[in-house]
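A.B. asks: Going down the list, the protein sequences come from chains A and B.
For the record, in the first sequence the residue sitting at position 99 is 239 according to the numbering used here, with numbers rising by one throughout.
For the record, in the second sequence the residue sitting at position 74 is 214 according to the numbering used here, with numbers rising by one throughout.
Backbone N, C-alpha and C fix where the C-beta goes; we use that ideal spot for every residue, glycine too.
Please read all numbers here as calculations on a predicted model, not as lab measurements.
Take a look at the following structure, please.
Number of protein chains: 2
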Amino acid sequence: MGITKTDQFTLKQNQIATLAKAIGHPARVAILDYLMKVDSCICGDIVNELPLAQATVSQHLKELKNAGLIKGNIEGNAICYCIDEKAFTKLQNYFLNLAKQVEKKKSKCC
Amino acid sequence: MGITKTDQFTLKQNQIATLAKAIGHPARVAILDYLMKVDSCICGDIVNELPLAQATVSQHLKELKNAGLIKGNIEGNAICYCIDEKAFTKLQNYFLNLAKQVEKKKSKCC
DNA sequence: TTACTTTATCGTAATATTGCAATTAACTTT
DNA sequence: AAAGTTAATTGCAATATTACGATAAAGTAA
Chain A
141 MGITKTDQFT LKQNQIATLA KAIGHPARVA ILDYLMKVDS CICGDIVNEL
191 PLAQATVSQH LKELKNAGLI KGNIEGNAIC YCIDEKAFTK LQNYFLNLAK
241 QVEKKKSKCC
Chain B
141 MGITKTDQFT LKQNQIATLA KAIGHPARVA ILDYLMKVDS CICGDIVNEL
191 PLAQATVSQH LKELKNAGLI KGNIEGNAIC YCIDEKAFTK LQNYFLNLAK
241 QVEKKKSKCC
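This is the structure:
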């Protein structure tokens, strides 16, 4: 009833789902886009870049951090956010593997 | 308010978010896993493969179909579900581009 | 110390998602 | 036609997410 049956699926399935879910909101995609765009990652101005209130942005950043997609270092009284490559590598591998599988069975398929 | 401010983000950001969101549930990851595993895609037995009720599985299939990740053809009184490569290609490109960007600024970063 | 800046957290309201039993719809088999 | 099979839909309850104002926390600057 509204609660995901996490324990019924494999660890890997849950990991992929968690990562994908974190990317599954346009505001969080926009945050990732911005973190990629800026040269340095000393960026205390993510809030100004997004059309959302500060509290909301903070919440989205927290979710990205929880999923392991970004990491934040305290830098004076601002915070330096960065993309964390490790998580993205995991997702990339998933999609690469998926693409390989799909390619293999292309002929047998509708 | 609880409603996502879709109109405040770019089309691409929304597209990526929609695709990622669809993958953001272990049951749907499991469905994709299964569709990849089986040889043919004439598969009316997805329900038996998952630890969820028929109605729930049907709902998850619908979401995957809405996101464009799978496609379903009617095959007698069963339905043949397949992975739709196009959507995955879009996601893969996103991650490939992201990886490239991250690589480029590795040195300047924390 | 006081004022300012920056980010996190709390509380709350609105909306979305997840899951299932029951039912319906559409096709097959007998 | 009657019974059976397969998948979608409906209705509902429980939980999660999204968003924001207000406030707190932690640092910096005057």
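If you draw a straight line from the alpha carbon of F228 of chain A to that of N217 of chain B, how long is it in whole angstroms?
C.D. replies: Their backbone Cα atoms lie some 41 Å apart in a straight line.
A.B. asks: Taking the alpha carbon of L231 of chain B as the reference point, which residue from B:P191, B:E189, B:T146 and B:A162 has its own alpha carbon closest?
C.D. replies: B:A162
A.B. asks: So what does A218 of chain A bridge to, in DSSP terms?
C.D. replies: Bridge partners of A218 of chain A according to DSSP: A:E215.
A.B. asks: Would you check if the distance between the CB atom of A157 of chain B and the CB atom of H165 of chain A is smaller than 9 Å?
C.D. replies: In contact: A157 of chain B and H165 of chain A (Cβ atoms closer than 9 Å).
A.B. asks: In the DSSP assignment, the alpha helix (DSSP H) including I163 of chain A goes from what residue to what residue?
C.D. replies: L151 to I163
A.B. asks: Can you tell me whether DSSP reads I186 of chain B as helix, strand or coil?
C.D. replies: helix
A.B. asks: Alpha carbon to alpha carbon, what distance is there between L204 of chain A and V197 of chain A?
C.D. replies: 11 Å
A.B. asks: Beta-carbon of D185 of chain B versus every beta-carbon of chain A: anything under 9 Å?
C.D. replies: By this cut-off, D185 of chain B is not an interface position.
A.B. asks: Run through the DSSP bridge pairs and tell me what I210 of chain A is partnered with.
C.D. replies: A:I223
A.B. asks: Under three-state DSSP, which class holds V242 of chain A?
C.D. replies: helix
A.B. asks: Less than 8 Å between the CB atoms is what I'm expecting for L159 of chain A and L238 of chain A, so what's the real figure, rounded?
C.D. replies: That pair is no contact at about 14 Å.
A.B. asks: If we define contact as Cβ-Cβ less than 9 Å, is H165 of chain B a contact residue for chain A?
C.D. replies: yes
A.B. asks: Would Q241 of chain B count as contacting chain A if we go by Cβ distances under 9 Å?
C.D. replies: yes
A.B. asks: For Q155 of chain B, I'd like the list of residues in its chain whose CB is within less than 8 Å of its CB, leaving aside the five on either flank, ordered along the chain.
C.D. replies: K230
A.B. asks: In angstroms with no decimal places, state the Cα-to-Cα distance between F149 of chain B and A167 of chain A.
C.D. replies: 7 Å
A.B. asks: Rounded to the nearest angstrom, what separates E189 of chain B and L172 of chain A at their Cα positions?
C.D. replies: 35 Å
A.B. asks: Using a C-beta cutoff of 9 Å, does N154 of chain A count as contacting chain B?
C.D. replies: Yes, its Cβ sits closer than 9 Å to a Cβ of chain B.
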